[in-house]
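At position 161 of the sequence shown the residue is numbered 178 (the working numbering), and the sequence of numbers has no breaks.
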Amino acid sequence: MGFSQQRSVQRLGPNMVIRPNKNALDRTDVDAPDRADHRRRIVVVGATGMLGHRVADVARVHGWDVVEAPRAAFDLTDLVGTTTWLEKTSPAVVVNCAAWTDVDGAEADEAAAMAVNGEGAGNLAKGTAAIGARIVHVSTDYVFRGDASEPYREDAPVDPQGAYGRTKLAGERLVAEHNPDHLICRTSWLFGEGGGNFVDTMLKLSADRDELSVVADQQGCPTWTGHLAPALVAVAASDARGVAHLCGSGRTTWHGLAQETFALAGTGTTVHPVTTDEFPRPAPRPAWSVMASTRADVPALPAWQDGLHGHLAEANRLAPA
Ligand SMILES: NC(=O)c1ccc[n+]([C@@H]2O[C@H](COP(=O)([O-])OP(=O)(O)OC[C@H]3O[C@@H](n4cnc5c(N)ncnc54)[C@H](OP(=O)(O)O)[C@@H]3O)[C@@H](O)[C@H]2O)c1
């Protein structure tokens with residue numbers, strides 16, 4: 018989105034992470050397994066990204082030996098390079114947070130997006146399988162058609178409507194095909210420190226404008242990286258396999274998310290509801306991106322409002338009580 022923020026995940030003590038809502042995070046607050054040293058190594062791919070850097074920080078706090086895969090040494094579109102690097106690094110688990118995340122750009126160059134989101138994910142699955150490592154792979158609500166009226170559960174039929182969704186679905190399938198020890202974690206509407214996201218864009222816009230128009234006919238589950246990252250670290254240490262949905266509980270629209278953001282930040286910004294048709298974009302946006310999980314073996318994330326509160330508190334953007 019053309020701007021960046023300083024990455025400054027706070028560490029409050031040797032085994033503590035920021036807990037804006039301690040009770041809500043209890044279910045994801047687990048330590049790394051008691052394994053031999055080399056089995057405590059976790060590779061985070063995409064560790065310069067909004068989610069990846071948080072996963073690396075949380076894993077470190079939980080006692081993992083974290084290796085952040087640098088793009089310079091590790092382009093996941095290169096099978097030989099990826100496999101060789103993983104052999105040398107010898108992790109127990111790889112968490113793949115890397116992706117081509119430019120949804121509109123994927124429409125213009127689906128082959129390039131596929132190389133990262135599809136084949137690249139497959140390369141990681143092959144490389145991890147070759148060394149007996151587990152892979153936790155992050156995916157998206159865009160794999161669904163987006164026209165339902167009930168939350169999508171893990172076994173709901175997939176039918177992506179745009180290039181980004183098609184490439185992410187291809188990645189899911191390749192991960193499942195090449196490494197049996199996989200967990201594909203679909204998430205949605207991410208926001209967090211250290212990356213372009215809707216919440217920060219809204220706050221930035223509100224600095225110059227008293228009124229904004231925001232789409233009110235798309236429903237989804239906003240997810241704070243501060244909630245998702247501990248959940249990903251938890252499932253990295255578990256035996257859960259297959260597909261899991263990990264997103265903020267509850268649902269809202271972009272309009273609702275903007276309203277709540279401005280209410281918590283005390284900006285006084287007026288948000289006018291508009292339709293998707295009034296904001297044409299190159300890639301189709303799902304009207305219904307609401308996901309739910311049927312799985313008892315993966316953490317349930319707290320409500321999206323708690324996540325928003327946590328993000329704004331961390332960014333020092335909460336209005337004084
Ligand atoms: N953002 C959302 O709203 C959202 C919603 C649902 C699902 N997701 C999924 O969540 C995950 C994390 O998203 P994010 O928003 O944190 O992503 P992000 O901030 O855009 O970061 C993407 C990361 O991928 C890396 N990367 C891209 N191409 C690569 C390649 N060829 N080789 C190695 N690394 C590469 C980037 O490295 P460089 O810094 O070197 O470019 C960066 O570290 C992705 O799987 C995404 O599909 C995101």
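Even for Gly, the Cβ is constructed at its ideal location relative to N, Cα and C.
To the nearest whole angstrom, what separates the beta carbons of residue i and residue j, a pair I think is in contact under 8 Å?
{"i": "residue 153", "j": "residue 175", "result": "With 8 Å as the limit, residue 153 and residue 175 do not qualify as a contact, their Cβ atoms being about 19 Å apart."}
{"i": "residue 328", "j": "residue 179", "result": "27 Å between Cβ atoms; not a contact."}
{"i": "residue 223", "j": "residue 284", "result": "5 Å"}
{"i": "residue 255", "j": "residue 314", "result": "7 Å"}
{"i": "residue 150", "j": "residue 109", "result": "6 Å"}
{"i": "residue 214", "j": "residue 207", "result": "6 Å"}
{"i": "residue 90", "j": "residue 61", "result": "The pair is not a contact, with the Cβ atoms about 14 Å apart (cut-off 8 Å)."}
Near residue i, which residues of its chain fall below 6 Å by C-beta distance, leaving aside the five closest residues on each side in sequence?
{"i": "residue 324", "result": "241, 244 and 265"}
{"i": "residue 132", "result": "94"}
{"i": "residue 165", "result": "305"}
{"i": "residue 63", "result": "69, 114 and 115"}
{"i": "residue 137", "result": "93 and 94"}
{"i": "residue 82", "result": "57 and 58"}
{"i": "residue 134", "result": "116, 117, 184, 185 and 188"}
{"i": "residue 250", "result": "75, 76 and 79"}
{"i": "residue 320", "result": "266 and 267"}
Could you name the residues of the same chain whose beta carbon sits closer than 8 Å to that of residue i, not counting the 5 residues immediately before and after it, in chain order?
{"i": "residue 100", "result": "140, 143, 144 and 147"}
{"i": "residue 40", "result": "Bear in mind that the predicted position of residue 40 carries a pLDDT of just 30, short of 50, making it unreliable; the figure below should be weighed with that in mind. Correct list: empty, nothing qualifies."}
{"i": "residue 233", "result": "270, 271, 272, 273, 290, 291 and 292"}
{"i": "residue 337", "result": "283"}
{"i": "residue 310", "result": "170, 171, 261, 262, 263 and 317"}
{"i": "residue 177", "result": "159, 160, 161, 162, 183, 185 and 186"}
Distance check for residue j and residue i, CA to CA, integer angstroms please.
{"i": "residue 258", "j": "residue 291", "result": "40 Å"}
{"i": "residue 187", "j": "residue 181", "result": "10 Å"}
{"i": "residue 238", "j": "residue 192", "result": "24 Å"}
{"i": "residue 163", "j": "residue 236", "result": "9 Å"}
{"i": "residue 272", "j": "residue 278", "result": "10 Å"}
{"i": "residue 156", "j": "residue 117", "result": "11 Å"}
{"i": "residue 330", "j": "residue 97", "result": "43 Å"}
{"i": "residue 75", "j": "residue 126", "result": "34 Å"}
{"i": "residue 268", "j": "residue 225", "result": "28 Å"}
{"i": "residue 112", "j": "residue 252", "result": "10 Å"}
{"i": "residue 124", "j": "residue 294", "result": "18 Å"}
{"i": "residue 79", "j": "residue 88", "result": "24 Å"}
{"i": "residue 281", "j": "residue 170", "result": "30 Å"}
{"i": "residue 335", "j": "residue 217", "result": "13 Å"}
{"i": "residue 204", "j": "residue 300", "result": "19 Å"}
{"i": "residue 103", "j": "residue 198", "result": "16 Å"}
{"i": "residue 202", "j": "residue 119", "result": "19 Å"}
{"i": "residue 322", "j": "residue 130", "result": "32 Å"}
{"i": "residue 312", "j": "residue 194", "result": "21 Å"}
{"i": "residue 84", "j": "residue 302", "result": "35 Å"}
{"i": "residue 105", "j": "residue 71", "result": "24 Å"}
{"i": "residue 326", "j": "residue 333", "result": "10 Å"}
{"i": "residue 190", "j": "residue 200", "result": "12 Å"}
Would you kindly report the start and end of the unbroken beta strand (DSSP E) that includes residue i?
{"i": "residue 223", "result": "First-last for residue 223: 215-223, but that is the alpha helix (DSSP H), not the beta strand (DSSP E)."}
{"i": "residue 315", "result": "Here residue 315 belongs to no beta strand (DSSP E), and DSSP marks it neither H nor E."}
{"i": "residue 380", "result": "With the chain represented from 18 up to 338, any question about residue 380 goes unanswered, as that position is not in the structure."}
{"i": "residue 152", "result": "151-157"}
Got a sec? Which residues, its chain only, sit under 7 Å from residue i by beta carbon, not counting five neighbours each side?
{"i": "residue 318", "result": "240, 244, 245, 248, 263, 264, 265 and 266"}
{"i": "residue 288", "result": "229, 231, 272, 275, 276 and 279"}
{"i": "residue 212", "result": "66 and 67"}
{"i": "residue 298", "result": "121"}
{"i": "residue 128", "result": "none"}
{"i": "residue 196", "result": "142, 145, 146 and 152"}
{"i": "residue 296", "result": "232"}
{"i": "residue 308", "result": "158, 168, 169, 203, 205, 238, 262 and 264"}
{"i": "residue 48", "result": "Note on residue 48: pLDDT 42, under 50, position unreliable in the model; the coordinate value appears next. Closer than 7 Å at the Cβ level, and outside the excluded window around residue 48, lie 79 and 80."}
{"i": "residue 342", "result": "What the structure shows of the chain is the stretch from 18 to 338, and residue 342 is not part of that stretch, so it cannot be assessed."}
For residue i, report the span of its alpha helix (DSSP H) as first-last.
{"i": "residue 252", "result": "242-253"}
{"i": "residue 323", "result": "321-331"}
*Which parts of the stretch 66-142 are runs of the alpha helix (DSSP H), unbroken and 4 residues or longer, counting only runs that do not cross its ends?*
67-78, 96-106, 120-125 and 127-131
*Scan the stretch 261-311 and note each continuous beta strand (DSSP E) run of 3 residues or more that stays entirely inside, going in chain order.*
Listed in chain order, the complete beta strand (DSSP E) runs (minimum 3 residues) inside the stretch 261-311 are 287-291.
_Extract the residue ranges of the alpha helix (DSSP H) inside the stretch 162-233, only unbroken runs of 4 or more that lie entirely within it._
180-195 and 215-223
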